[in-house]
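Under numbering that gives the first Met the number 0, think of the first position of the sequence shown as 0, with each following residue one higher.
What follows is a set of notes on a single structure, which appears directly below.
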Amino acid sequence: MSIRAQPQDDGGNTYFQDTGFVSDTGIQDTGFITTTDFVSTTGFITTTGGIQDSGFITSTGGIQDTGVFTSGGAGCGCTYTCDNGIIGADGLGNTITKFTCMIINNGGAVDHIDVTIQNAANLVSLDGLQTSDGVHFDFQPSRVGSPLQTGNAHPFEYIVSGTTPLRFNIDCEPTTGHVTSGHTSGHTSGHTSGHTSSHTSSHTSSHTSSSCALSNSCQVGSSYQQNGQTYTVYNCMILNNGPAVSHTSIQLLNNANLVAVDGLQTSDGINFDFSPSRDSSPLQTGHGHPWSYTVVGNQQITVQICGGSSSGSSSSSSSSSSSSGSSTGGCALSNSCQVGSSYQQNGQTYTVFNCMILNNGPAVSHTSVQLLNNANLVAVDGLQTSDGINFDFAPSRDASPLQTGNGHPWSYTVKGNQPITVQVCGGSSSAPSTSTTGSVTTSTGSSGSSCNLVNQCELGNTYQKDGETLSKFFCMILNNGPTITHTSVQFLNNLNLVAVDGLATSDGLNFDFFPSRENSPLQTGNGHPFTYTVKGTNPVTVQVCNGYSSTGSSSSTSSSSSSSTTGSATTSGVATTGSVTGSSGSSSTTGSVTGSSGSSSTTGGQCMCPCQCPSTTASTTTGGNSSVCDASYYQTNYNTWTGPDGKTYSQFDITLKNIGTQPLKSVIVYAALEPFNNYWGALKKEAHNYDISAEKAAQTIAVNDQYQWSYVVEGSAPSALNIVSVAC
């Protein structure tokens with residue numbers, strides 16, 4: 000669902016400055032570079048613009064590996080493995096998914112391969128293989144001089160419309176030339192680095208000891224220009240040929256031109272390891288771990304990889320994936336970020352990422368946050384800095400420490416759409432631990448012991464739009480129980496609710512995680528961030544149901560709804576400047592509202608919660624995408640009369656119009672007056688909330704069509720109205 004697009008800065012401001020914080024609006028780190036476009040090498044088929052994961056965020060930034068889907072043809076020792084994919088959207092708001100894969104050679108050395116796709120209808124692009132007919136894919140010609148050795152892997156990636164992965168058939172041919180030994184990478188044209196074979200076109204990207212069961216291979220991912228300088232991104236894959244591991248030790252040699260590493264973490268800038276999420280999701284035998292690095296110029300560096308270890312080993316920490324910060328040593332703080340909004344200014348695209356620092360340890364009032372690969376960073380809000388490098392909480396945290404299980408919201412803005420790497424260090428307290436006052440609202444699914452989900456919201460920013468005050472609240476659903484893929488969230492006292500982002504809904508009342516949670520469940524101790532926007536400054540009551548997993552063996556629904564606890568105090572506002580797309584009148588007789596949503600299916604499963612399970616279809620809400628599910632309304636006085644009792648009554652007609660690009664099946668209107676003396680043409684979902692009739696919902700409201708329903712009230716004044724959700 001949702002319901003509204005994310006805030007756009009249509010006031011001419013580069014970013015919403017937080018007057019309560021010391022914000023750095025011009026931090027430029029020339030030592031770190033991020034790409035803003037995906038540029039393919041010659042011979043590859045690819046798209047431009049990059050992929051944004053706007054569907055969901057995990058709190059640890061872990062990598063999901065799915066192992067081998069299928070093996071090759073008869074006599075071929077090649078198999079392949081792909082990750083779970085990154086879900087995003089194209090410029091039209093359509094869902095697309097990018098998958099990173101590895102062809103693994105378990106047989107003799109090969110220099111040619113025949114890859115065919117079983118279900119190619121939704122293929123958008125494929126990078127890392129070449130084709131002359133669009134049906135049969137092969138290595139690039141450089142493989143003839145640099146065969147894929149036994150035990151090595153060749154990386155490739157593809158993008159599809161929707162979320163369904165491709166299925167490949169693989170057949171391969173043994174090499175006809177001299178075969179070299181060692182671990183060679185993919186086929187980038189002629190850049191040697193470190194330990195190379197006798198073939199000048201090969202690129203050895205790793206070397207291991209004889210006892211090491213991990214190998215690494217890299218290939219050119221993209222190349223781009225910035226300030227007259229060429230930068231090259233190499234996509235790599237660590238292949239596990241031994242038992243499952245959760246840690247490794249990687250060193251990047253001859254690294255004078257290295258500017259960024261993504262997908263690994265480090266505490267000293269020398270030794271790199273998997274992210275901490277590998278403790279709970281070890282790299283299995285035959286599986287691969289994707290990562291990348293960026294260099295000035297186009298020369299590869301030498302990747303030295305040592306043997307892996309189980310989770311008993313101590314992990315290093317630092318810059319993990321861009322959407323989740325890592326903690327150091329005994330640090331109990333974790334960070335997660337997701338796309339909040341995207342806007343254009345002076346022909347430049349800017350993207351706002353909403354983040355939450357979660358405290359899993361004792362109360363803290365200070366921390367140290369560093370923003371790496373930050374060349375495109377233009378603003379930070381919700382943290383303060385004195386040197387432009389190390390960021391901390393605002394001084395108000397001294398009087399109001401971040402309590403155990405609570406989160407601190409903040410955001411950053413970048414040019415383009417690429418996230419940066421957030422490194423979160425251990426927190427400290429400069430004041431005795433006390434309960435927070437006035438700044439946080441917390442809700443749980445039930446007062447009983449069976450509830451394992453806790454939600455917390457905090458005021459992020461307050462701004463003016465068309466003379467009206469709007470407030471955005473940053474929230475985090477924390478899972479204290481078993482792994483889940485679904486939940487049920489309800490927003491009560493929601494008259495002033497304008498937008499919800501980070502959750503999906505099909506009926507405007509019950510919200511769930513995005514369908515992508517099916518592939519990436521919310522793990523124990525992890526959090527799911529979302530935001531909501533209201534008119535005014537008062538928070539709504541967020542009721543969170545216990546989660547459940549779609550892998551359950553049966554479906555069950557409990558009708559008993561549990562009440563939640565919501566903090567009564569509102570965060571003392573920090574005035575910022577911004578705007579939101581879409582508004583609705585609360586007291587006038589006319590108004591309109593816009594939102595964006597895209598339909599997608601979720602799988603029902605066993606309900607493990609004391610409240611109603613969500614429905615099996617959901618409308619997703621992704622900030623920054625083109626609106627496709629929009630509605631506007633106006634109401635008019637049809638008649639006013641005096642009844643037999645001598646009282647005055649009035650009939651008002653509400654006209655809804657589909658101003659989006661898809662048929663509407665739901666438009667829920669919140670009416671301040673309750674109850675009506677009479678109404679028709681609408682379906683009452685709950686107190687104050689009215690949807691279009693079931694008959695009209697089945698027919699849907701076509702694009703540009705209107706639908707009307709009516710109500711009668713005592714007196715001559717209309718009810719204040721607000722569209723709280725739309726669904727297609």
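Here a beta-carbon is modelled for each residue, glycine too, at the ideal position from N, C-alpha and C.
Start and end residues, beta strand (DSSP E) containing residue i
i: residue 739; result: A question about residue 739 goes unanswered here, because the residues of the chain that appear run from 0 up to 727.
i: residue 471; result: 467-478
i: residue 126; result: 122-126
i: residue 629; result: Looking at the DSSP string, residue 629 is not in any beta strand (DSSP E), and its letter there is neither H nor E.
i: residue 348; result: 347-358
i: residue 164; result: Residue 164 -> no beta strand (DSSP E), and no H or E assigned at all.
i: residue 391; result: 389-391
i: residue 271; result: 270-272
i: residue 237; result: 228-239
i: residue 491; result: 488-491
i: residue 76; result: Counting along the chain, residue 76 falls outside any beta strand (DSSP E), and DSSP gives it neither H nor E.
i: residue 217; result: 213-225
i: residue 724; result: 720-726
i: residue 386; result: Neither: residue 386 is in no beta strand (DSSP E) and is coded neither H nor E.
i: residue 677; result: 677-679
i: residue 794; result: Outside the displayed span of the chain (0 to 727) sits residue 794, for which this structure offers no information.
DSSP bridge partner residues for residue i (one or two, in chain order)
i: residue 97; result: 85 and 158
i: residue 637; result: Partner(s): none; residue 637 has no beta bridge.
i: residue 763; result: Given that the chain is displayed from residue 0 to residue 727, the structure contains no residue 763 and the question cannot be resolved.
i: residue 656; result: 631 and 705
i: residue 533; result: 470 and 496
i: residue 153; result: 102
i: residue 371; result: 420
i: residue 287; result: 238
i: residue 406; result: 357
i: residue 734; result: Residue 734 lies beyond the range of the chain shown here (0 to 727); nothing can be said about it.
i: residue 336; result: 354
i: residue 510; result: 488 and 504
i: residue 685; result: 688
i: residue 136; result: 114 and 130
i: residue 380; result: 410
i: residue 713; result: 648
i: residue 665; result: 726
Unbroken alpha helix (DSSP H) run spanning residue i, endpoints
i: residue 695; result: 693-698
CA-to-CA distance, residue j to residue i, given in whole angstroms
i: residue 644; j: residue 714; result: 13 angstroms
i: residue 270; j: residue 286; result: 22 angstroms
i: residue 235; j: residue 511; result: 34 angstroms
i: residue 616; j: residue 666; result: For residue 616, the predicted model reports a pLDDT of 29, less than 50, meaning its position is unreliable; a value from the coordinates is still stated below. Approximately 16 angstroms, taken between the alpha carbons.
i: residue 471; j: residue 458; result: 6 angstroms
i: residue 484; j: residue 456; result: 21 angstroms
i: residue 392; j: residue 411; result: 14 angstroms
i: residue 290; j: residue 263; result: 7 angstroms
i: residue 522; j: residue 83; result: 16 angstroms
i: residue 453; j: residue 334; result: 17 angstroms
i: residue 114; j: residue 97; result: 18 angstroms
i: residue 328; j: residue 347; result: In this predicted model, residue 328 has a pLDDT of only 40, less than 50, meaning its place in the structure is not dependable enough to derive any value.
i: residue 383; j: residue 265; result: 24 angstroms
i: residue 108; j: residue 152; result: 11 angstroms
i: residue 709; j: residue 688; result: 14 angstroms
i: residue 368; j: residue 390; result: 5 angstroms
i: residue 696; j: residue 158; result: 34 angstroms
i: residue 106; j: residue 155; result: 19 angstroms
i: residue 326; j: residue 424; result: Residue confidence is low: residue 326 scores 36 on pLDDT, short of 50, so the model does not pin down where it sits. Its coordinate-derived value is still stated next. Roughly 5 angstroms separates the two Cα atoms.
i: residue 352; j: residue 711; result: 45 angstroms
i: residue 491; j: residue 635; result: 27 angstroms
i: residue 143; j: residue 288; result: 26 angstroms
i: residue 728; j: residue 500; result: Any question about residue 728 goes unanswered here, given that the chain covers just 0 to 727.
i: residue 716; j: residue 543; result: 36 angstroms
i: residue 279; j: residue 482; result: 11 angstroms
i: residue 707; j: residue 672; result: 18 angstroms
Residue-level contact to chain D via CB, residue i, 8 angstroms cutoff
i: residue 642; result: Given the protein chain composition of this structure (a single chain), no chain D is represented.
Any non-hydrogen atom of the ligand GDP closer than 7 angstroms to residue i Cβ
i: residue 255; result: As far as ligands go, the structure on display features none, and thus does not contain the ligand GDP.
| Inter-stretch contact (C-beta, 8 angstroms, three-pair minimum) for the stretch 519-536 and the stretch 465-476 | Touching, per the Cβ criterion.
| Would you call the stretch 244-255 and the stretch 295-307 in contact, with 3 or more CB pairs under 8 angstroms? | Yes: at least three Cβ pairs fall under 8 angstroms.
| Do the stretch 718-727 and the stretch 490-497 make contact, defined as three or more Cβ pairs closer than 8 angstroms? | Yes: the two stretches touch, three or more of their Cβ pairs being nearer than 8 angstroms.
| task | Check whether the stretch 241-251 touches the stretch 117-129, counting contact only when three or more Cβ pairs, one atom from each stretch, lie closer than 8 angstroms. | result | Too few Cβ pairs lie closer than 8 angstroms, so no.
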